[in-house]
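Visitor: Provided herewith is a single structure, encoded as structure tokens, for subsequent inquiry.
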Amino acid sequence: MATGDQNDFVRRLKSVLPVQWFNDSNPKLDAVLNGLASALSWAYQLYAYAVLQTRILTATDGWLDIIANDFFGERIKRQAWQTDEDFLNIIRINLFRERGTRQAIIKVLEDLTGNTPKIIEPSRPQDCGGYSMPCMGYGVAGAYGSMAMPYQAFVIAYRPTGAGIPYVGGYASTVSGYSTPSRGKYASYSELTSVTDAQIYAAVASVKMEGTAVWVRIE
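For the record, in the sequence shown the residue sitting at position 92 is 82 according to our numbering, with numbers rising by one throughout.
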């Protein structure tokens, strides 16, 4: 017998009844009390569930999705495969995420896509080099710098490798064979769980320093 279950409420109800009114064995009384206890137990479980949803660390189910929407809008959404524990971890990471730095952009894109982005700041010698610096050459690597473009950066973000739809073959593929995708279809975007371009743009915007311009290209 646990606190708040049906047996607990039956015991509590019996404890407040006058002893002399009923004998020890009374099936009709037990039936009435169990009916009341069932409703009370349901109400107690609903109360206990509601208490959990008032704190981020204990929230579950759709309430985690509401919390994510309150804090992050459309930028962070639960993927079809994510459990409550996985999604809660993502919410916590983003609540206390580093912001306003170059590393913040790198980390948020790594967490979102699994790929490290390329960042070029035109006024940063480490990205664009400088005279008498043996760091790059024509057709090798690097980018042209410019002191006329302060507080700006160019980011090349890479989309994650998609997992596709289970047991559905891709375009121009053979869709038959044991333990292989067995059919083909025209799939809608709603059936895919990959990160969208809009989420990538929003992720960069959420951590970049205010007053700066960050130009994003997605590959």
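Here a beta-carbon is modelled for each residue, glycine too, at the ideal position from N, C-alpha and C.
1. Let me make sure I understand the geometry here. Which of 113, 98 and 136 has the alpha-carbon closest to that of residue 192?
2. Less than 8 Å between the C-beta atoms of residue 190 and residue 102, yes or no?
3. For residue 30, I'd like the list of residues in its chain whose CB is within less than 6 Å of its CB, leaving aside the five on either flank, ordered along the chain.
4. Count the CB pairs spanning the stretch 14 to 23 and the stretch 42 to 51 that are closer than 8 Å, and state whether there are at least three.
5. Nearest to residue 82 by alpha carbon, out of 57, -8 and 136?
6. Are residue 95 and residue 198 close, meaning C-beta to C-beta below 8 Å?
7. CA-CA distance, residue 194 and residue 112?
8. Among residues of its own chain, excluding the 5 on either side of residue 27, which ones have a beta-carbon nearer than 7 Å to its beta-carbon?
9. Starting from the Cα of residue 144, find the closest Cα among 136, 108 and 100 and give me that residue.
10. May I ask you to report which of helix, strand or coil DSSP gives residue 205?
11. Thinking C-beta only, is residue -6 closer than 8 Å to residue 39?
12. With C-beta atoms as the reference, is residue 206 less than 8 Å away from residue 147?
13. Note the first and the last residue of the continuous beta strand (DSSP E) segment covering residue 147.
14. Considering only residues of the same chain and omitting the five flanking positions on each side of residue 106, which have a CB-CB separation below 7 Å?
15. Could you pull the DSSP bridge partners for residue 109 from this structure?
16. In angstroms with no decimal places, state the Cα-to-Cα distance between residue 71 and residue 9.
Guide: Taking the geometry as given:
1. 98
2. yes
3. -1
4. no
5. Nearest option by C-alpha distance: 57.
6. yes
7. Approximately 18 Å, taken between the alpha carbons.
8. -4, -1, 0 and 3
9. Closest option to residue 144, Cα to Cα, is 108.
10. strand
11. no
12. yes
13. Residues 142 to 147.
14. 96 and 100
15. 145
16. 56 Å
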